[in-house]
Amino acid sequence: MNSVTIVGGGVIGMLSAIQLQQAGLEVRVIDRQSFGRESSWAGGGIISPLFPWRYPDAVTRLARLSQQIYGDLVAQLQQQVNIDPEYLPSGMLVLGDYSAENPRAWAEQHQINMQAVDRAQIRELAPEVAEGYHNGWWFPQVHQVRNPRLVALLKAYLQQSAISLVEDDPVSEILLEGPAAIGVQTESSRYYSDITVIAGGAWSGQLLAQTGLMLDIRPIKGQMLLLNGPPGLVRHITLADDRYIIPRKDGRVLIGSTTEDCGFNKDTSEQVKQQLLDYAAATIPQLADCELETHWSGLRPGSGDGIPTIGAHPAVQNLYINSGHYRNGLVLAPASALLLRQIIMRNSASLAPEDYRVAV
Ligand SMILES: Cc1cc2nc3c(=O)[nH]c(=O)nc-3n(C[C@H](O)[C@H](O)[C@H](O)COP(=O)(O)OP(=O)(O)OC[C@H]3O[C@@H](n4cnc5c(N)ncnc54)[C@H](O)[C@@H]3O)c2cc1C
Numbered sequence: 006m007n008s009v010t011i012v013g014g015g016v017i018g019m020l021s022a023i024q025l026q027q028a029g030l031e032v033r034v035i036d037r038q039s040f041g042r043e044s045s046w047a048g049g050g051i052i053s054p055l056f057p058w059r060y061p062d063a064v065t066r067l068a069r070l071s072q073q074i075y076g077d078l079v080a081q082l083q084q085q086v087n088i089d090p091e092y093l094p095s096g097m098l099v100l101g102d103y104s105a106e107n108p109r110a111w112a113e114q115h116q117i118n119m120q121a122v123d124r125a126q127i128r129e130l131a132p133e134v135a136e137g138y139h140n141g142w143w144f145p146q147v148h149q150v151r152n153p154r155l156v157a158l159l160k161a162y163l164q165q166s167a168i169s170l171v172e173d174d175p176v177s178e179i180l181l182e183g184p185a186a187i188g189v190q191t192e193s194s195r196y197y198s199d200i201t202v203i204a205g206g207a208w209s210g211q212l213l214a215q216t217g218l219m220l221d222i223r224p225i226k227g228q229m230l231l232l233n234g235p236p237g238l239v240r241h242i243t244l245a246d247d248r249y250i251i252p253r254k255d256g257r258v259l260i261g262s263t264t265e266d267c268g269f270n271k272d273t274s275e276q277v278k279q280q281l282l283d284y285a286a287a288t289i290p291q292l293a294d295c296e297l298e299t300h301w302s303g304l305r306p307g308s309g310d311g312i313p314t315i316g317a318h319p320a321v322q323n324l325y326i327n328s329g330h331y332r333n334g335l336v337l338a339p340a341s342a343l344l345l346r347q348i349i350m351r352n353s354a355s356l357a358p359e360d361y362r363v364a365v
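In this note's numbering, each residue carries its 1-based index in the sequence shown increased by 5.
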């Protein structure tokens with residue numbers, strides 16, 4: 006086993022490439038467009054699940070492992086490439102009560118640093134937040150990354166690491182010989198390899214359908230706004246009522262997002278734009294004065310319970326999957342790539358692989 010072809014140059018495909026190259030494989034990554042232009046570019050970059058206590062333990066464990074290795078990973082990438090992904094300890098403030106969902110028990114079980122906060126503590130942590138919030142949950146250790154910078158850093162790192170990058174060449178077929186995958190067919194070429202990995206984000210289900218596997222990965226659209234504010238206006242990642250506000254270092258502020266199950270359609274709508282602007286102003290009133298710079302959407306690789314599929318195809322030899330990270334691909338990517346490497350190389354795994362394998 007010497008070579009691997011990875012389909013998909015998002016954060017999952019690129020981090021998988023780095024792991025597999027470090028394991029000694031010859032790696033090629035193929036994308037149908039430029040790398041890092043889909044969900045991995047469009048997302049918010051919060052290095053934590055939103056309302057993290059709501060997820061299955063398998064997601065929490067993957068997120069915890071990623072959070073433990075993120076800092077070292079970013080430092081390792083930056084040693085080679087001079088792009089700052091703005092990996093910053095913003096802290097995350099979840100506004101609202103939620104005690105009926107028992108976040109405290111979840112935090113104790115998983116040893117998460119999380120504190121309940123009252124009105125006075127919210128005012129101290131985030132004086133910019135509107136008066137109406139009397140309870141919240143504070144996660145001091147949550148970081149963020151700036152997505153376009155992280156994907157630029159990853160791509161530049163791949164280019165300097167003798168990994169072969171193929172852009173603007175859609176994969177149309179997984180090549181099969183008997184019971185095994187032997188590479189892929191693209192619009193322009195055939196690429197043969199010992200191992201094939203599908204990391205095609207929201208398109209992974211389509212790519213795998215040819216193999217008879219009906220994986221429940223479907224596009225879930227999220228719309229996002231970017232406001233131009235003064236640096237320091239918003240102090241922390243702030244969540245309330247299923248929406249969030251993310252402050253960037255230069256003062257820009259992201260407002261997100263929607264979860265729209267409407268196929269491969271990336272249109273944005275005036276109605277959602279107004280809803281997100283209203284939400285921002287109701288949560289942090291000074292945001293009403295900030296200029297709206299951009300409005301975009303991305304397609305998350307939605308999976309029913311949010312647990313990604315990481316591991317071997319159940320019926321086709323030498324074919325692997327790393328996909329379905331839904332709302333948490335940025336936080337889950339480092340641990341998912343590490344787990345994939347451990348599964349492919351048959352090394353002992355950091356997490357139980359059976360929690361992420363294809364349900365058959
Ligand atoms: C609005 C929004 C906000 C988000 N916020 C966060 C957040 O704060 N924190 C977090 O952790 N996650 C967040 N996410 C989720 C996160 O962005 C995704 O889970 C993650 O980016 C998935 O990465 P991926 O590499 O699997 O998919 P993608 O980034 O979509 O990459 C898949 C790649 O496969 C390529 N591809 C597809 N089909 C083919 C083909 N036939 N041939 C060749 N290439 C192909 C595509 O071109 C694409 O580049 C958010 C997502 C959105 C949309």
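We treat Cβ as the ideally placed atom computed from N, Cα and C, and that holds for glycine. What you are looking at is a predicted structure, and each value in this text was computed from that prediction instead of being measured.
- Check the Cα spacing between Ser-194 and each of Ala-207, Glu-178 and Val-202: the tightest is with Glu-178.
- In the three-state reduction of the DSSP assignment, Lys-226 falls in the strand class.
- By the criterion of a C-beta distance shorter than 7 Å, Leu-93 is surrounded in its chain by His-148, Gln-149 and Lys-254, once the five residues flanking it on both sides are discounted.
- Just measuring C-alpha positions, the residue of Val-239, Leu-335 and Pro-358 sitting nearest Arg-154 is Leu-335.
- His-330 has its CB nearer than 8 Å to a heavy atom of ligand 1.
- Segment contact: the segment 128-148 against the segment 59-70, fewer than three CB-CB distances shorter than 8 Å; contact not assigned.
- Only buried fits Gln-72, as 16 or more other CB atoms lie within 10 angstroms of its CB.
- Residue range 16-27 is occupied by the alpha helix (DSSP H) that includes Met-19.
- Rounded to the nearest angstrom, the gap between the Cα atoms of Ser-39 and Ala-157 is 11 Å.
- One Cα belongs to Ala-121, the other to Asp-102, and the distance between them is close to 9 Å.
- Put simply, the backbone Cα of Tyr-249 is about 9 Å away from that of Tyr-284.
- Classified as exposed, Cys-267 has fewer than 16 neighbouring CB atoms from the shown chains inside 10 Å of its CB.
- When DSSP assignments are scanned along the segment 103-161, the uninterrupted stretches of beta strand (DSSP E) that are 3 or more residues long and fall wholly within it turn out to be 120-123 and 140-144.
- With a threshold of 8 Å, the Cβ atom of Thr-314 does not count as near ligand 1, since no heavy atom of the ligand is closer than that.
- The segment 17-35 makes contact with the segment 339-353, as at least three CB pairs between them are under 8 Å.
- Each residue's CA atom was taken as its position, placing Asp-174 and Ile-35 some 7 Å apart.
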